[in-house]
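First the structure, in the form of structure tokens, and then the observations on it.
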Amino acid sequence: MKTLKIILSVLTLFFMGWAVIEQTKDHPKIWVQIIGIALFFYSMMRLMQKTPSNFTPKEEDKLQKEDENVE
0 MKTLKIILSV LTLFFMGWAV IEQTKDHPKI WVQIIGIALF FYSMMRLMQK
50 TPSNFTPKEE DKLQKEDENV E
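Take 0 as the starting number for the sequence shown in numbering that gives the first Met the number 0 and just add one per residue.
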């Protein structure tokens, strides 16, 4: 499992770098840019799942009730 994470990280960095380099060309390969962006967003999603929320459940409930009252 750890090996898969390392491979995915290296692959993501490779495709992101390749996508940036492709942008400088006259006729860039669009599929390289799409894969680079998709892997970037997937990596950011995984990273954000590890980041704890600043809100407690009570604060989230309070904010939801305030939003309902505004509407």
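Note that the Cβ used here is the ideal one computed from N, Cα and C, for glycine as well.
Nearest to residue i by alpha carbon, out of the options?
i: Met43; options: Leu3, Leu7, Lys1; result: Leu7
If you draw a straight line from the C-alpha of residue i to the C-alpha of residue j, how long is it?
i: Arg45; j: His26; result: 32 Å
i: Gly16; j: Thr50; result: 25 Å
i: Lys4; j: Ala18; result: 21 Å
i: Met47; j: Glu21; result: 27 Å
i: Lys28; j: Thr2; result: 29 Å
i: Val31; j: Met0; result: 26 Å
Is it true that the segment 7-16 meets the segment 34-49, where meeting means three or more beta-carbon pairs spaced less than 8 Å apart? yes
Runs of alpha helix (DSSP H) wholly within the segment 1-29 (minimum 4 residues, chain order): 1-22
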